[in-house]
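Going down the list, the sequences are from chains F and X.
For the first sequence, our numbering gives the first residue as 1377, with consecutive numbering after it.
For the second sequence, our numbering gives the first residue as 522, with consecutive numbering after it.
Below is one structure, written out as structure tokens; comments come after it.
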Amino acid sequence: MSFKRLFPLLILAFGLLGFTNSTFAQEAENHEIAHVEGAEGGHEEKKGINITELVFGHVSDSHEWHLFSLEGEHGHETEVALPLPVIVYRPGKGLSVFSYSKFHGGWYLDEAGNHISNTSYDGLYVEKNMKEKIKSEDGSPVYDFSITKNVLSMMFSVVIILMLMTSAAKKYKKGVIEAPKGFQNALEVAIIFIRDEVAKPNLGKGFAKFMPMLLTIFFFIWVNNLLGLLPGGANLTGNVAVTFCLAMISFVVMIIRANSHFWGHLLNPPGVPTGVKFLLVPIEVISLFIKPVALTIRLFANILAGHIVILCVISMIFIFGALSKGAGIGFVPVSLAFSLFMFMLELLVAAIQAFIFTNLTAVFLGQAIEEGHEHHDEAHAPHH
Amino acid sequence: MDLLTPELGLFFWTLVAFIAIFLILRKFAWGPILSSLSEREKGIADSIATAQNVKAEMAQMKAENEKLMAQAREERSTMLKEAKEIKDRMINEAKEQAKNEANKIIADAQVQIQQQKNAALTEVKNEIGNLAVEVAGKILRQELAASKGQEAYMQLLSEDIKLN
């Protein structure tokens, strides 16, 4: 009911947003350039907001953990952020570790619209557009292994998961049958759900072997999804590197565990005429490699989209606020209602996406370890 | 497009973090939890099976008890019936006996009464006979005192002899 009523409103809002967003982005850029040009002249310039920058600044990775901005004297904003360690590897120069605060010194815009750090350190500077990149001044390759906001958040999630799970695991005593207590109850529901709804139907008899992996994937994604929803949290599972890494892990496990039946059906499908094989085998091979790509995109896009929508809905307050103060304040309840609704949806999506990733991993693994059925081959054979 | 290119650093750290958490959890969390869960599930299944067995046993015992009760009840009723029969029989027998006894006593009494009656009758007859003889004797003595009477009597007696 409420969904039905909210939906047209939502569409209207997003339509409006798409429209205002692009116009404001342009306007804001103009403002910014004006701001840079008139830096020494006036300090009344700062008015427009760059929504694109705001949104992508929140959803993309960073070398510092941004907390808030303080409006200081002369209209300058002081960014309060926690600088994180930068770890870069340069062939020839080796590993260098230093704090990101070394790049403290403001930004200027280059011709391509990138923000470039005013200060450089050890022959390195920062280029910031949608992403923050550490580049070397001489153009040689830089491999960035920094503990970024996402990495730190992930480490935090690892600690949380380890603490939760090991403390719960301690309550299980060997050979003693006890009713679960407290957190155990919540944990068991999830574990049994993964076992009975994901592992058993997809993996068959040998499901127990894959349970640790499936459970780890599920809880890793779920906890990181939830951490990403916290205000100030990192958008970890909405980052393509993370989902790609997770997808590659499940893909590699699948490839390692795949049996001869799987490879046989993939590379030499039984009961198929040779001419068709030339068509079928490449499609099968492509479909094999599409699996991790599908996993990657599905999780990353879902989480990223959720974050962007929430940010946009919140930003509407400031978009309307830029038009007039009254409009901004007037839009606060609408925006809050939308963002609350989206937040609830994202809480659901956090669990659903973790489940879907786990389930698809189980499905792919199940295909790879499936034992051949004799009748299956026979069913194909008589036609040819 | 920037958003779609995975960063090497984050990929690397994700791999490290995931493998680390996987190995630690497998050893210290999933292993014990999963084994305890299956153990508990088996325990619960066993307990339920045992409970069902006990229930079945109980039902059987109850049925047996009921059977025993029914048997006992039946036995009691047959015993009661038998006792009643015995009682009736004894009463009847006693009645019969009493009746017989009474009949016998009555019969005896009747016999005795008859006997006594007969005896009394005999005595009366004898007495009457004696009285008659006495009367006859007196009459005869009276008669025979006169000669005429003697002759008539002798005549009578002789006629009797002649006739024989």
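All C-beta atoms in this analysis are idealised placements derived from N, C-alpha and C, irrespective of residue type, glycine included.
Taking the C-alpha atoms as reference points, what is the distance between LEU1430/F and GLY1704/F?
Between LEU1430/F and GLY1704/F, the C-alpha separation is close to 17 Å.
Cutoff 7 Å; reference SER1529/F; Cβ partners in own chain excluding five residues on either side
So the list reads LEU1603, GLY1609, ALA1610, LEU1612, once near-sequence residues are dropped.
Spatial neighbours of ILE1536/F within its chain, please: C-beta separation below 7 Å, excluding the five flanking residues on both sides.
VAL1599.
Per-residue contacts from THR1542/F into chain X (C-beta, under 7 Å):
Simply PHE549, ALA550.
Residues of its chain near ILE1693/F, where Cβ-Cβ distance is below 6 Å and the 5 sequence neighbours each way are ignored:
Counting only Cβ-Cβ distances below 6 Å, and skipping sequence neighbours, we find GLY1704, PHE1707, VAL1708, SER1711.
Neighbour flag for SER598/X against chain F, beta carbons, 8 Å:
So no, SER598/X is outside the interface.
Got a sec: which bits of the region 1580 to 1591 of chain F sit with their beta carbon under 7 Å from any beta carbon on chain X, in order along the chain?
Residues MET1587, PRO1588, MET1589, LEU1591.
Taking only three categories from DSSP, how would you classify VAL537/X?
Here VAL537/X sits in helix by DSSP.
Measuring CB to CB, does THR1592/F end up less than 8 Å from PHE1676/F?
Cβ distance not < 8 Å, so THR1592/F and PHE1676/F don't count as in contact.
Contact test: ILE1695/F Cβ vs the ligand NAD heavy atom, cutoff 7 Å:
With respect to the ligand NAD, the structure offers nothing, as it holds no ligand at all.
Limits of the unbroken alpha helix (DSSP H) element including TRP1441/F:
First-last for TRP1441/F: 1440 to 1447, but that is the beta strand (DSSP E), not the alpha helix (DSSP H).
Report yes if the CB atom of MET1587/F is closer than 8 Å to the CB atom of TRP551/X, and no otherwise.
Yes. Within cutoff.
Taking 8 Å as the threshold (C-beta atoms), are ILE1568/F and LEU558/X in contact?
With contacts defined by Cβ atoms closer than 8 Å, LEU558/X and ILE1568/F form a contacting pair.
Would you mind telling me which residues of chain F sit closer than 7 Å to THR571/X, beta carbon to beta carbon, in chain order?
Result: empty, since nearest Cβ-Cβ is about 13 Å, beyond 7 Å.
Please state whether DSSP places ILE1463/F in a helix, a strand or coil.
Of the three classes helix, strand and coil, the one that applies to ILE1463/F here is strand, per DSSP.
How would you label MET579/X, buried or exposed, when you count the other beta carbons within 10 angstroms and need 16 or more for buried?
The residue is exposed, with fewer than 16 neighbouring Cβ atoms inside 10 Å.
Could you tell me the boundaries of the alpha helix (DSSP H) in which LEU1721/F lies?
Looking at the DSSP string, the run of the alpha helix (DSSP H) that includes LEU1721/F is 1701 to 1745.
Beta-carbon proximity list for ALA1730/F, same chain, < 7 Å, skipping 5 on both sides:
Excluding sequence neighbours, ALA1730/F sits near PHE1594, ILE1597, TRP1598, ASN1601.
Whose C-alpha, out of LEU1563/F, SER1626/F, PHE1654/F, SER1436/F, is nearest the C-alpha of THR1542/F?
Nearest C-alpha to THR1542/F among LEU1563/F, SER1626/F, PHE1654/F, SER1436/F: LEU1563/F.
Determine the chain X residues that contact LYS1507/F at a beta-carbon separation under 8 Å, and present them in chain order.
Under the 8 Å cutoff, chain X gives ASP523, LEU524, GLU528.
So, do the region 1503 to 1516 of chain F and the region 1480 to 1493 of chain F have three or more beta carbon pairs nearer to each other than 8 Å?
Contact holds: three or more Cβ-Cβ distances are below 8 Å.
Reduced DSSP category for MET1377/F - H, G, I as helix; E, B as strand; rest coil:
Note that MET1377/F has pLDDT 42, beneath the 50 cutoff, so the model's placement of it is unreliable and no number is given.
Between ILE1684/F and chain X, is there a C-beta pair that is closer than 8 Å?
It does not; no Cβ of chain X falls within 8 Å.
Can you tell me whether THR1495/F is buried or exposed? The criterion is at least 16 other CB atoms within 10 Å of its CB, across all chains shown.
Result: exposed.
Cross-chain neighbours of ALA566/X in chain F, by beta carbon under 9 Å:
Neighbours of ALA566/X across chain F, judged by C-beta separation under 9 Å, do not exist; the nearest C-beta is about 11 Å away.
Which full runs of the alpha helix (DSSP H) of 4+ residues lie inside the region 1615 to 1656 of chain F, going along the chain?
Whole alpha helix (DSSP H) segments, 4+ residues: 1616 to 1633, 1636 to 1643.
I'd like to know if the region 1736 to 1743 of chain F and the region 1578 to 1586 of chain F are in contact, where contact means that at least 3 CB-CB pairs between them fall below 8 Å.
Judged by Cβ distances under 8 Å, the region 1736 to 1743 of chain F makes contact with the region 1578 to 1586 of chain F, as three or more pairs qualify.
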